[in-house]
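Trainee: Residue numbers (UniProt numbering): 1 to 767.
(1) Which residues does DSSP list as the beta-bridge partners of residue 505?
(2) For residue 293, write down the residues that DSSP places opposite it in a beta bridge.
(3) Could you say which of 562, 506, 515 lies nearest to residue 538 if we only look at CA atoms?
(4) Residue 232: which of 48, 543, 302 sits nearest, CA to CA?
(5) Kindly indicate the opening and closing residues of the beta strand (DSSP E) around residue 557.
(6) Exposed or buried, what is residue 558 when buried is set at 16 or more other beta-carbons lying within 10 Å of its beta-carbon?
(7) Determine the contact status of residue 495 and residue 767, defining contact as a CB-CB distance below 7 Å.
(8) Between 227, 297, 92, which lies nearest to residue 331 when the distance is taken from Cα to Cα?
(9) Alpha carbon to alpha carbon, what distance is there between residue 765 and residue 499?
(10) Kindly give me the distance between the Cβ atoms of residue 83 and residue 431, rounded to whole angstroms, as I take these residues to be in contact under 8 Å.
(11) Exposed or buried, what is residue 759 when buried is set at 16 or more other beta-carbons lying within 10 Å of its beta-carbon?
(12) Return yes when the Cβ of residue 271 is within less than 7 Å of the Cβ of residue 460, no when it is not.
(13) Run the CB neighbour count on residue 433, radius 10 Å, all protein chains shown included, and call it buried at 16 or more, exposed below.
(14) Is the beta carbon of residue 96 less than 7 Å from the beta carbon of residue 403?
(15) Take the Cβ of residue 273 as the centre, count every other Cβ of all protein chains shown within 10 Å, and call the residue buried at 16 or more, exposed below.
(16) Note the first and the last residue of the continuous beta strand (DSSP E) segment covering residue 764.
(17) Could you check the C-alpha separation between residue 744 and residue 370 for me, to the nearest Å?
(18) I'd like the span of the alpha helix (DSSP H) that includes residue 588, first residue to last.
(19) Quick one: which unbroken alpha helix (DSSP H) runs of 4-plus residues sit fully inside the segment 55-111? Chain order, please.
(20) Using a Cβ-Cβ cutoff of less than 8 Å, which residues in the same chain neighbour residue 322 once the five nearest sequence positions on both sides are dropped?
(21) What three-state label does DSSP hand residue 711 in the structure shown?
(22) Starting from the N-terminal side, write out each stretch of the beta strand (DSSP E) that is 3 residues or longer and does not extend beyond the segment 138-173.
(23) Are residue 195 and residue 176 touching if we call contact CB-CB under 7 Å?
(24) For the structure I just gave you, are there three or more beta carbon pairs, one from the segment 62-69 and one from the segment 387-406, closer than 8 Å?
(25) I believe residue 57 touches residue 312 by the beta-carbon criterion, under 8 Å. Please report the beta-carbon distance rounded to the nearest angstrom.
(26) Tell me which residues share the same chain as residue 25 and place their Cβ nearer than 6 Å to its Cβ, disregarding the 5 neighbours each side in the sequence.
(27) Starting from residue 577 and walking both ways along the beta strand (DSSP E), at which residues does that stretch end?
(28) On a Cα-Cα basis, can you pick out the residue from 490, 508, 472, 406 that is closest to residue 417?
(29) For the candidate residues 729, 502, 197, whose alpha-carbon lies nearest to that of residue 492?
(30) Taking only the alpha-carbon atoms, compute the straight-line gap between residue 333 and residue 448 and give it to the nearest angstrom.
(31) Of all the options 278, 742, 625, which has the alpha carbon lying nearest to the alpha carbon of residue 716?
(32) Looking at the structure shown, is residue 773 part of a helix, part of a strand, or coil, going by DSSP?
(33) Which word fits residue 574, buried or exposed, when buried means at least 16 other C-beta atoms lie within 10 angstroms of its C-beta?
(34) So is residue 240 buried or exposed if we call it buried at 16+ other beta carbons inside 10 Å?
(35) In angstroms with no decimal places, state the Cα-to-Cα distance between residue 297 and residue 73.
(36) If you drop the 5 nearest sequence neighbours on each side, which residues of the same chain put their C-beta closer than 7 Å to that of residue 15?
This is the structure in structure tokens:
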């Protein structure tokens with residue numbers, strides 16, 4: 001089932017105008033959070049360091065400018081964006097990329113045939129092959145390294161979710177607080193009430209999908225960046241053009257020299273200028289690398305620098321205006337238009353983080369790291385636009401509690417930034433591993449990346465950790481909660497899979513039962529759902545004992561997520577026969593990428609499955625006929641050659657025993673036959689596959705079974721820890737994991753099965 005050509009937008013050649021248009025769209029999706037940071041950065045920095053001279057202003061400005069230049073610009077734009085997974089970005093994309101090159105997944109369901117998926121693209125670099133193989137060997141042989149890698153990925157994902165809780169609160173409250181001092185009697189209580197109303201409105205419209213309001217995102221953010229740049233230029237010219245001196249990094253040294261420990265604490269406020277930088281990589285799947293690079297280099301980067309320079313110029317003349325620096329620096333005549341645009345920009349920035357949270361949850365579910373919850377696809381055209389009701393209302397309640405409790409942007413800012421720096425450090429570690437394992441990069445250059453950027457991010461982390469008791473514990477608490485949920489679910493799922501592997505039924509036992517399976521076979525197709533990619537699951541033995549009859553056609557169906565973003569529909573199903581032909585039993589592995597959308601209902605899934613099964617039977621018959629004809633031709637050649645030269649028995653036996661249906665090796669193009677590819681013509685003397693009576697009988701039996709209907713055979717499983725297990729394992733599996741399984745969405749709802757066609761068998765998995 002190989003399809004020529006790469007799938008995914010990353011491989012398409014996009015014109016210059018197309019790249020420019022896509023870069024314009026990125027303004028509304030990717031850069032909302034970073035674009036709204038001028039609302040609160042300087043007010044937070046100077047709440048830690050009072051302004052005593054121009055050194056504080058120029059030093060803080062220089063810190064902000066070089067932070068933006070080094071982390072979003074140098075690190076993400078030029079390095080991290082290149083570590084994409086077929087055009088997909090984010091923590092899970094890096095993890096799936098590593099999983100393709102090394103077997104580091106804790107779930108042992110990898111198959112060699114997965115490497116034939118067109119989007120797999122497995123190529124090891126030849127110049128650095130020895131180093132890559134050494135790293136690969138270490139990762140695969142040491143379970144500790146696998147657990148550390150998974151822990152890093154889950155920690156990064158949980159921190160993105162924690163960031164998604166704080167971003168709407170911070171952005172919306174910062175925008176609304178501009179009314180304080182502008183409208184008489186508009187106090188802190190009014191700011192809290194209006195912010196809560198805006199947040200309720202924001203989360204209430206999520207069910208309509210981002211596609212309904214997305215058309216206005218890019219123009220609003222483009223207008224916002226235009227305002228930042230134009231107001232910044234106005235302030236620089238009007239108040240103080242000498243702020244360009246902040247381009248000299250020596251002012252950072254003077255800033256720390258004069259303020260000491262206070263300057264180090266102010267670094268936590270400086271981090272706020274790069275919140276949302278991870279979105280440049282996480283939202284890559286909707287755009288291209290060039291479009292994100294173009295938008296940041298041509299619009300976002302210069303506008304942000306000019307905006308901060310304009311605020312610094314205003315502070316040179318009005319050093320007491322630090323609390324409302326953004327709105328005070330706006331000309332009086334432009335206040336209300338800028339306020340409206342700022343509020344809209346804050347909502348859009350919040351929307352970007354909410355969507356990123358939904359995307360992270362979906363990817364975690366696909367890779368077996370999050371309990372099943374309801375996902376609604378809000379767009380028929382764009383697969384990435386999803387809505388998760390449970391997470392949406394959870395985020396809304398948490399945001400309202402944060403706004404009502406903290407009541408001030410400075411207090412929320414103390415909690416803001418820790419999760420962002422944590423995500424950056426995780427991405428630094430994973431990209432370093434990608435460099436070592438996959439990229440053709442010199443070892444010394446690879447080491448420079450984590451040493452330079454890792455050290456810088458660690459310094460920022462120590463600064464934001466100093467605000468731990470002032471509210472910094474909040475994102476860590478949220479992140480820890482989701483980390484525990486994800487790690488527990490993955491841990492329990494891996495143990496359950498291993499238990500199924502131990503309990504699978506021997507094929508010899510099935511063969512001993514005969515084609516009737518020791519019971520009565522009645523017309524119909526039984527779909528036995530399980531998680532095994534090979535072998536007969538233990539649930540089948542329970543079905544044979546429990547049910548008075550068995551279906552004429554049995555298909556063991558495994559829904560499997562592979563470490564690629566998308567699996568083309570033509571490559572969705574893998575089939576293999578179980579037992580002999582008269583058993584009518586098959587193994588089917590339905591493969592999905594971690595960003596694939598399972599939108600088909602049970603009817604279309606059944607039709608697609610049977611259609612693929614028919615093609616498999618025809619292909620099997622064709623290859624068997626070809627094998628027979630090849631063996632006959634070789635016998636004729638051997639008989640002719642034997643009159644002249646004696647043949648080697650070993651060679652003849654070796655040729656005759658090479659099956660055409662053996663597993664294909666990656667890279668052997670001669671053995672890979674596409675579904676739509678041409679099959680070699682058979683000799684005229686041999687029987688064609690269409691004339692094969694056994695094939696026609698089997699196809700007729702399959703159609704008769706399909707006409708009788710489908711039955712979904714499921715295990716209603718209970719997972720329990722063994723009696724000899726440690727107390728911690730018993731507590732995690734018997735209580736925490738069991739609680740998650742009881743309260744997550746049922747498999748029947750996830751697989752969209754009709755309830756009237758479901759049969760369940762109770763099972764207990766001892767792990």
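Backbone N, C-alpha and C fix where the C-beta goes; we use that ideal spot for every residue, glycine too. Values in this document were obtained by computation on a predicted structure and should not be read as measured data.
Mentor: Based on what the coordinates show:
(1) 536
(2) The partner list for residue 293 (beta bridge, DSSP) is empty, contrary to what the question assumes.
(3) 506
(4) 302
(5) 549-562
(6) buried
(7) yes
(8) 227
(9) 6 Å
(10) 5 Å
(11) exposed
(12) yes
(13) buried
(14) no
(15) buried
(16) 758-766
(17) 9 Å
(18) Element bounds for residue 588: not the alpha helix (DSSP H) but the beta strand (DSSP E), 585-593.
(19) 91-101
(20) 42, 43, 46, 47, 51, 315
(21) strand
(22) none
(23) yes
(24) no
(25) 5 Å
(26) 218
(27) 573-578
(28) 472
(29) 729
(30) 50 Å
(31) 742
(32) In this structure the chain extends from 1 to 767, so residue 773 is not present and cannot be described.
(33) buried
(34) buried
(35) 8 Å
(36) none
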